[in-house]
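Read top to bottom, the protein sequences are chains A and B.
Take this note's numbering: the last position of the first sequence gets the number 383, and nothing is skipped along the way.
Take this note's numbering: the last position of the second sequence gets the number 370, and nothing is skipped along the way.
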Amino acid sequence: MTTTNLPEVTPWWKKRKNAEAMAAFVFLLPSLIGFSVFYVWPAINGVRISLTDWNMLKDPTYVGFENYVKLWGDRDFWNALKVTAWYVIYNIPIQTGLALVIAILMDRFTRSSLVRGILLLPWLMPNVIVALLWLFMLDKNLGIVNVGMEAVGLDGLAWLGGGSTAWNAWLISFLEMFTENPKAWLGPDLAIFSIAQINTWRHVGYTALLIFAGLQNIPEQLYEAAKIDGASEAQTFWRVTIPLLRPVIAFVLVTSIIGSFQIYDTVAITTQGGPVNFTEVINVLIFEQAFERFNMGYATAISVVLFLMLVIVSLAQMYLLRADEADV
Amino acid sequence: MQSSNDVTKAPREPWTVFRVLGWITLIIIILITLFPFWWVLRTALTDAQSVFANPWSLMPVEPTLFNFQRVLGLVDSDVAVSAGGSGQSLNFMLFLRNSIIFATLVTVGQVFFSACAAYAFARLEFPGRNFLFTLYVAALMVPGIVTLIPNFLLMRDLGWIDTFRGMIAPYFLMTPFAVFFLRQFFLGINPEIENAARIDGANPFRIFWSIILPITRPTLLTLAIITFIQSWNEYLWPLIVGKGETVRVLTVALGIFRQQTPQGAPDWAGLMAGTFMGIVPLLILYLIVGRRVLNSIQFTGFK
Chain A
56 MTTTNLPEVT
66 PWWKKRKNAE
76 AMAAFVFLLP
86 SLIGFSVFYV
96 WPAINGVRIS
106 LTDWNMLKDP
116 TYVGFENYVK
126 LWGDRDFWNA
136 LKVTAWYVIY
146 NIPIQTGLAL
156 VIAILMDRFT
166 RSSLVRGILL
176 LPWLMPNVIV
186 ALLWLFMLDK
196 NLGIVNVGME
206 AVGLDGLAWL
216 GGGSTAWNAW
226 LISFLEMFTE
236 NPKAWLGPDL
246 AIFSIAQINT
256 WRHVGYTALL
266 IFAGLQNIPE
276 QLYEAAKIDG
286 ASEAQTFWRV
296 TIPLLRPVIA
306 FVLVTSIIGS
316 FQIYDTVAIT
326 TQGGPVNFTE
336 VINVLIFEQA
346 FERFNMGYAT
356 AISVVLFLML
366 VIVSLAQMYL
376 LRADEADV
Chain B
68 MQSSNDVTKA
78 PREPWTVFRV
88 LGWITLIIII
98 LITLFPFWWV
108 LRTALTDAQS
118 VFANPWSLMP
128 VEPTLFNFQR
138 VLGLVDSDVA
148 VSAGGSGQSL
158 NFMLFLRNSI
168 IFATLVTVGQ
178 VFFSACAAYA
188 FARLEFPGRN
198 FLFTLYVAAL
208 MVPGIVTLIP
218 NFLLMRDLGW
228 IDTFRGMIAP
238 YFLMTPFAVF
248 FLRQFFLGIN
258 PEIENAARID
268 GANPFRIFWS
278 IILPITRPTL
288 LTLAIITFIQ
298 SWNEYLWPLI
308 VGKGETVRVL
318 TVALGIFRQQ
328 TPQGAPDWAG
338 LMAGTFMGIV
348 PLLILYLIVG
358 RRVLNSIQFT
368 GFK
């Protein structure tokens, strides 16, 4: 063993790089403070609090995994999971599918920035405002949606209210196609469907613009090549457009599913989790536990579980969609 | 990010059935997008009683500005109640001011400090760079609700509840997204320009201040606009830390205003007048910077 062949190593603090590292530290300092105080520390602290019985009245005591055990048997928690899952199911496929259609139509027929500007408008509005305007439009008695439906001879629906029997009957007949016992799977009513569609209205234009941008990046030559090879319109769409669009669609799906698991504002403004607990999504449950009942330990435990679920969901999606590569 | 010129024109096509159907679909979608905005304005301008009497009219019924006046608290509350309102008013100017303060401070701090950090990650050598950057990126995954409660408790311990300090603090020094986004962008800048300055003896601070910031101004501006709109739209955090009237922002104020309307027969005309006033500032901003926002989505939504 000899060390003679090794290159000379100067310790980093003796290099001229030292000055650069110092400068980097100065550049990074504000963000490092922000990062440690408002991201790292709260994340660690959140896990710590979730292991206590803290309710803001008395000092917290360490209770181990008691909150998590309690969660497992908590009907409200399972209800919140079910409601959130239904929300995602009602929101994502309709929103993404519609956005894809809009993007293709725009790519094909109009690329005017006025049209794009209009489609983006709802996304720029706060959830609170979007929720308020739909709250009125979906009102059972005075909302224009029901007024319009009644004008053409349909029965109005209690869009954001409970016990819409017509809707539940429809849903049961739909679920019967997949399961023997549809009632066990029965979604939590029309209200969560309406809330999902309110958010579809807000996000569909934005999503369409993302997909449209992806369409613009597909080289024109590929379409020409397909044409020369005699591919039909449909073949070109399925064999050229969709595979090349896959990274964009994967990106859109990952971000919008993660976002939709965290829905809060729209529910808080329209139904506040009601009627009963039909629209009590996870974040509404967390808010209620933390800021109305002051069960800080329990509330943070739910948020940690939500976080773990989102990690699993996004890893699964990345794997399934192989987000970073296009099929070519 | 590139200029809008990169959107090429759609090919000219003859009017086939396919094209007609496509346009009809697009027009329906545009109408569904725009109609609710008109409906808010139409209802806000409608006399409060006529909202009930005439829910289908496409135009305002007995047009009046009275709803705006009573929501703004310009008429006595008993007059407002007799007009079908809750008597609650919206201290609109104060809440508007608060929203402007909140969104502006968040934007300025976040964009500047994130740009500093992004520059260090993109251009400077220092030990632990990749590790630290990986940590920042990992934080992109953490949902807001996880840090929400601990951050609220921190603000409470600091006595920063109901202060702008408390509302702004978590967003002021960085967000993982802003750092990530700007680093990607800085990496794409040709390093030759900086190298020339470096040879001339400029230090990193000078390079950052006199070269990087000026040449990236359009991108920084775009990021600033997006950050501004998102902060403006924020609801949950300002609700928890800034419910007090003196710092209450518009979104929180509208949420509270909604809760105060009577459950049985909501004061729709008043509610829509408040909603419309919440829309106007954003519409004005969008008219001014719309193209920039559009282009940013065109080219920075991913990658």
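Cβ atoms here follow ideal geometry from the backbone N, Cα and C, with glycine treated the same way.
The beta carbon of A:Trp189 sits closer than 6 Å to the beta carbons of Ile253 from its chain, once the five residues preceding and following it are set aside; these are given in chain order. For A:Thr234, the secondary structure class from DSSP, reduced to helix, strand or coil, is coil. In terms of beta-carbon proximity, B:Gly345 lines the interface with chain A, with at least one pair separated by less than 7 Å.
Burial of A:Met351 is indicated by the presence of at least 16 other C-beta atoms within 10 angstroms of its C-beta. Here B:Met126 has Arg109 as same chain residues with Cβ atoms under 8 Å from its own Cβ, once five neighbours each way along the sequence are excluded.
Under a criterion of Cβ atoms nearer than 9 Å, no residue of chain B is adjacent to A:Val322; the nearest Cβ is some 11 Å distant.
Contact between B:Arg250 and B:Ala185 holds: CB atoms are separated by about 4 Å, below the 8 Å threshold.
Secondary structure note for B:Ala182: its alpha helix (DSSP H) is the uninterrupted segment Phe159 to Arg190. Contact note: B:Trp90 reaches chain A through Leu160, Phe164 and Thr165, using a C-beta cutoff of 9 Å and chain order.
Beyond the five residues adjoining it in sequence on each side, B:Leu280 comes within less than 8 Å, by CB distance, of Ala182 and Leu287 in the same chain, given in chain order. Sequence-distant partners of A:Ile157 (beyond 5 residues in either direction) whose C-beta falls short of 6 Å from its own C-beta, in its chain, are Ala263. In this structure, the straight-line span from the alpha carbon of B:Phe169 to that of B:Arg232 is close to 9 Å.
For B:Gly195, the closest of A:Tyr374, A:Gly328, A:Leu83 and A:Ile312 by C-alpha to C-alpha distance is A:Leu83. In the displayed model, A:Thr107 falls within a strand according to three-state DSSP.
Listed along chain B are Val213, Thr214, Ile216 and Pro217, each with a C-beta nearer than 8 Å to that of A:Gly101.
Under DSSP, A:Tyr117 forms a beta bridge with A:Thr107. Contact of A:Leu126 with chain B by beta-carbon distance below 7 Å is absent, the smallest such distance being about 15 Å.
Closest by C-alpha distance to A:Trp225, out of A:Glu205, A:Leu277 and A:Phe248, is A:Phe248. Trp106, Val107, Thr110, Val118, Phe119, Pro122 and Trp123: these are the residues of the segment 105–139 of chain B whose beta carbon lies less than 7 Å from some beta carbon of chain A, given in chain order.
Listed in chain order, the positions of the segment 335–350 of chain A with a beta carbon within less than 9 Å of a beta carbon of chain B are Ile337, Asn338, Ile341, Phe342, Ala345 and Phe346. One thing to note: B:Ile228 has its Cβ no nearer than 7 Å to the Cβ of B:Val142. A direct Cα-Cα distance of roughly 13 Å separates A:Leu277 from A:Gln290. With a threshold of 7 Å between beta carbons, B:Asn158 makes no contact with chain A.
Chain order gives the chain A residues near B:Arg86 as Phe164, where near means a beta carbon separation below 7 Å.
Counting only residues of its own chain and dropping the five nearest sequence neighbours on each side, A:Gly198 has a CB closer than 7 Å to the CB of Phe191 and Met192.
Segment contact: the segment 294–313 of chain B against the segment 154–171 of chain A, fewer than three CB-CB distances shorter than 8 Å; contact not assigned. For A:Gln327, the three-state secondary structure derived from DSSP is coil. Annotation for A:Asp108: Thr116, Val118 and Gly352 place their beta carbon closer than 6 Å to its own, counting only its chain and skipping 5 residues before and after. Using beta-carbon distances, B:Arg315 does not count as an interface residue toward chain A, since no partner is under 7 Å. Boundaries of the alpha helix (DSSP H) around A:Glu288: Glu288 to Thr291. Excluding residues up to 5 positions away in sequence, Phe295 lie with their Cβ nearer than 8 Å to the Cβ of B:Thr171 in the same chain.
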